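Novice: Structure incoming, see below.
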Amino acid sequence: MPSVASDATPAVLQPPGRPAARWLILAVICLAQLTVILDNTVLNVAIPSLTEELGATTVDVQWMINAYSLVQSGLLLIAGNSADRYGRKKMLLVGLALFGVASLAAALATSPGLLIAARAGMGIGGALLVTTTLAVVMQIFDDAERPRAIGIWSSVNSLGFAAGPLIGGSLLDHFWWGSLFLVNLPVAVISLVAVAALVPESTSRGDSLALPGTNPSARTPVDLLGALLSMIGMVGVVFAIISGPISGWLSGRVLISAAIGVAGLTVFALWELRVPHPMLDMHFFRNRRFIGAVSGGILVAFGMGGSMFLLTQHLQLVLGYGPLDAGLRMAPLAVTVILVNFTGLGARLIRRFGTPGMIVSGMSLLAAGLAAVSLLGGTGYGGMLCGLVVMGVGIALAMPTMANAIMSAIPPAKAGVGAGVNGTLMEFGQGLGVAVLGAVLNSRFAALLPLVAAGAGSLPAALARTRTDGERTAVHDAFASGIGTGQLVGAAAVFLGGLLAAVLLRRAERAGRDAAQPAAPPGAQPAAAAAE
10 MPSVASDATP AVLQPPGRPA ARWLILAVIC LAQLTVILDN TVLNVAIPSL TEELGATTVD
70 VQWMINAYSL VQSGLLLIAG NSADRYGRKK MLLVGLALFG VASLAAALAT SPGLLIAARA
130 GMGIGGALLV TTTLAVVMQI FDDAERPRAI GIWSSVNSLG FAAGPLIGGS LLDHFWWGSL
190 FLVNLPVAVI SLVAVAALVP ESTSRGDSLA LPGTNPSART PVDLLGALLS MIGMVGVVFA
250 IISGPISGWL SGRVLISAAI GVAGLTVFAL WELRVPHPML DMHFFRNRRF IGAVSGGILV
310 AFGMGGSMFL LTQHLQLVLG YGPLDAGLRM APLAVTVILV NFTGLGARLI RRFGTPGMIV
370 SGMSLLAAGL AAVSLLGGTG YGGMLCGLVV MGVGIALAMP TMANAIMSAI PPAKAGVGAG
430 VNGTLMEFGQ GLGVAVLGAV LNSRFAALLP LVAAGAGSLP AALARTRTDG ERTAVHDAFA
490 SGIGTGQLVG AAAVFLGGLL AAVLLRRAER AGRDAAQPAA PPGAQPAAAA AE
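Under this note's numbering, the first residue of the sequence shown carries the number 10, and numbering increases by one thereafter.
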């Protein structure tokens, strides 16, 4: 069984020498990462164009959007394992090439089916990029610089989610829908050249760089069954989460998909415990540092995914902003995350407060921001702006710390798998946030609807049944109350998750200090007592 990092000695990557161009390398891989994140959201604004120009049905549009995230989430662990096995630089180059070619195919697609296939191809490249970029960050930065580097890497994620609709809307104002994908091509080409020239190779042979002429894939057998089971499990769960708000959480489509996903992940875990060379060593989950980071990571992603889902509807359906104006008003969240991490504030604070302190502080601020949006943003943007800034500070403090804690709890030889775990947590947590907080919204909305609109499944459907201004106001108030309740539930979950993660990490650190202290010889007195 592969060695597992203990609570006492968390494993970190220690490259034999920091590359002189490491910050330039970080800029290159962050640019590549940004395109991956943008493509999670950029297509949403093109739905009318796709419907008109490609003759896409509602089902076609759903698959155009979801094929990318489904394939990416299903392949994250496999992509991370491949990067460890065959070389992180090599897989980064393959991911960039696949992403670029698939983007070109998407831009030139002439039918919904071709665009769906191209988006799936982009998902394969995206899975390789998400895992290898973080693994490379862990490879080229040492302990002193790594928190700031991961903070910058994490900021790119927030920037991508916020900028996607804005960039998409700007391009569609001047060009046709294929331009949303063509912009990826120069980024892919520049990144390919820069990665080939600058990024050192590394594999799971150890912390050092790979030796020329070696064959890293020959060390251990490939866990093909584990790869298949992980893909089935993740795709099943993510598809159920994506389909729930559309088809209904109790629909056969959602329940069957969820059952397949849960069964796949369960069999995957059992198989990984039995196989001699597992793709993901399940004994990592005995490490309290790893468990604490994983718990917090899921809750941070839960808060981000759910809050973005609610905020978009809050701005458009409650406060009455258009899509572009709503996107602009969500920008302060991303700007705050970027400012905190690019200035290195988070990296300086982690040295003072430690990992548990940073996590509980960041998640408490994220919870406070969600609560402020709920309580102060119901009637205007001013209160919401305050909440968004507080949320941004919380995300900037908590998310990079979580990623660093997860990666530090996994042996260096498994850096790619660690990045895959981190990416999987983000996908799962965000989907869970949308599902749970969306369910809270719908439940509260349905409970407060006036009799004339009882049973309506959405705000437009409820408004269509109203006849007077008073009834319309009551429907709007019910929807606003549902959003506010959802945000408060999200705030409570994030706050409690932060406390749980901090307690687990504090215990892991205490266990590490106790294990590091040499045992006193029999009969010896403590130093303080001897001094007296």
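In this text, a Cβ means the ideal position worked out from N, Cα and C, and glycines have one as well. For clarity, every value in this text was computed on a predicted model and none was experimentally measured.
Which whole-angstrom value describes the C-beta separation of G353 and R157, a residue pair presumed to lie in contact below a C-beta threshold of 8 Å?
Specialist: Here residue 353 refers to the residue found at position 344 of the sequence shown. Here residue 157 refers to the residue found at position 148 of the sequence shown. Sure, about 5 Å apart at Cβ, within 8 Å.
Novice: Buried or exposed for H286, going by 16 or more other Cβ atoms inside 10 Å?
Specialist: Looking up residue 286 in the sequence shown gives position 277. Classification of H286: exposed, given that the 10 Å Cβ count is below 16.
Novice: Roughly how many angstroms separate the alpha carbons of L52 and T475, rounded to a whole number?
Specialist: Within the sequence shown, residue 52 is the residue found at index 43, counting from 1. Within the sequence shown, residue 475 is the residue found at index 466, counting from 1. Whole-angstrom Cα-Cα distance: 33 Å.
Novice: I'd like to check one pair, A465 with L457: are the Cβ atoms closer than 9 Å?
Specialist: Reading the sequence shown from its first residue, position 448 is the one you call residue 457. Reading the sequence shown from its first residue, position 456 is the one you call residue 465. Against a cut-off of 9 Å, the Cβ pair of A465 and L457 comes out as no contact.
Novice: Helix, strand or coil for S260, going by three-state DSSP, please let me know.
Specialist: By 1-based counting over the sequence shown, the position of residue 260 is 251. S260 falls in the coil class under three-state DSSP.
Novice: How big is the Cα-Cα spacing for V498 and L113?
Specialist: Counting from 1 along the sequence shown, the entry for residue 498 is found at position 489. Counting from 1 along the sequence shown, the entry for residue 113 is found at position 104. Their Cα atoms are separated by approximately 42 Å.
Novice: Could you tell me whether the Cβ atoms of G378 and G363 are closer together than 9 Å?
Specialist: The residue you call residue 378 lines up with position 369 of the sequence shown. The residue you call residue 363 lines up with position 354 of the sequence shown. It is not a contact, given that the beta carbons lie outside the stated cut-off.
Novice: Does F294 pass the burial test, meaning 16 or more other C-beta atoms within 10 Å, or should it be called exposed?
Specialist: Here residue 294 refers to the residue found at position 285 of the sequence shown. It counts as exposed.
Novice: Where G257 and I74 are concerned, what is the direct C-alpha to C-alpha distance, given to the nearest angstrom?
Specialist: Working through the sequence shown from its first residue, we reach residue 257 at position 248. Working through the sequence shown from its first residue, we reach residue 74 at position 65. Looking at the two C-alpha atoms, the distance is approximately 19 Å.
Novice: Please look up how many angstroms separate the CB atoms of L194 and G109, rounded, as I've assumed it's under 8 Å.
Specialist: Position 185 of the sequence shown holds residue 194. Position 100 of the sequence shown holds residue 109. With a Cβ gap of about 6 Å, L194 and G109 count as contacting.
Novice: What would DSSP say about P225, mapped onto helix, strand or coil?
Specialist: Start at 1 with the first residue of the sequence shown, and residue 225 comes out as number 216. Unreliable placement is indicated for P225, whose pLDDT of 43 sits below 50; the coordinate value is still reported in the next sentence. P225 falls in the helix class under three-state DSSP.
Novice: Pick out whichever of A489, E518 and R97 has its Cα sitting closest to the Cα of T321.
Specialist: Against the sequence shown, residue 321 aligns to sequence position 312. It is A489.
Novice: Beta carbon of M400, beta carbon of L374: below 9 Å?
Specialist: Taking the first residue of the sequence shown as position 1, residue 400 is located at position 391. Taking the first residue of the sequence shown as position 1, residue 374 is located at position 365. Cβ atoms of M400 and L374: closer than 9 Å.
Novice: So the alpha helix (DSSP H) M435 belongs to, where does it begin and stop?
Specialist: Looking up residue 435 in the sequence shown gives position 426. Start and end: A424 to L457.
Novice: Which same chain residues end up closer than 7 Å to R516 when comparing Cβ atoms and leaving out the 5 residues on each side of it in sequence?
Specialist: Residue mapping note: residue 516 aligns to position 507 of the sequence shown, counting from 1. Excluding sequence neighbours, R516 sits near R297.
Novice: Given this structure, state the Cα-to-Cα distance separating R283 from S78, to the nearest angstrom.
Specialist: On the sequence shown, residue 283 is found 274 positions in, with the first residue counted as 1. On the sequence shown, residue 78 is found 69 positions in, with the first residue counted as 1. Between R283 and S78, the C-alpha separation is close to 30 Å.
Novice: Compute the distance between the beta-carbons of A407 and A501, then report whether it is under 9 Å.
Specialist: Position 398 of the sequence shown, counted from the start, is the residue given in the question as residue 407. Position 492 of the sequence shown, counted from the start, is the residue given in the question as residue 501. Contact: no.
Novice: Taking the straight line between their C-alpha atoms, what separation do you get for G273 and G392?
Specialist: Counting from 1 along the sequence shown, the entry for residue 273 is found at position 264. Counting from 1 along the sequence shown, the entry for residue 392 is found at position 383. If you take the alpha carbons of G273 and G392, they lie about 44 Å apart.
Novice: Where does A249 sit, in a helix, a strand or coil, going by DSSP?
Specialist: In the sequence shown, residue 249 corresponds to position 240, counting from 1. In this structure, A249 counts as helix in the three-state DSSP scheme.
Novice: Three-state secondary structure (DSSP) at H292?
Specialist: Residue 292 sits at position 283 when you count from the first residue of the sequence shown. In this structure, H292 counts as helix in the three-state DSSP scheme.
Novice: With distances taken from CA atoms, which of F190, L181 and L137 is nearest D93?
Specialist: Within the sequence shown, residue 93 is the residue found at index 84, counting from 1. Ranking F190, L181 and L137 by Cα distance to D93 puts L137 first.
Novice: So, is P421 buried or exposed, given that buried needs 16 or more other C-beta atoms within 10 angstroms?
Specialist: Here the question's residue 421 lines up with position 412 in the sequence shown. Buried, by the Cβ-count rule.
Novice: Tell me the residue span of the alpha helix (DSSP H) that contains S373.
Specialist: As a first step, residue 373 must be located in the sequence shown, where it is residue number 364. L354 to L385 is the extent of the alpha helix (DSSP H) around S373.
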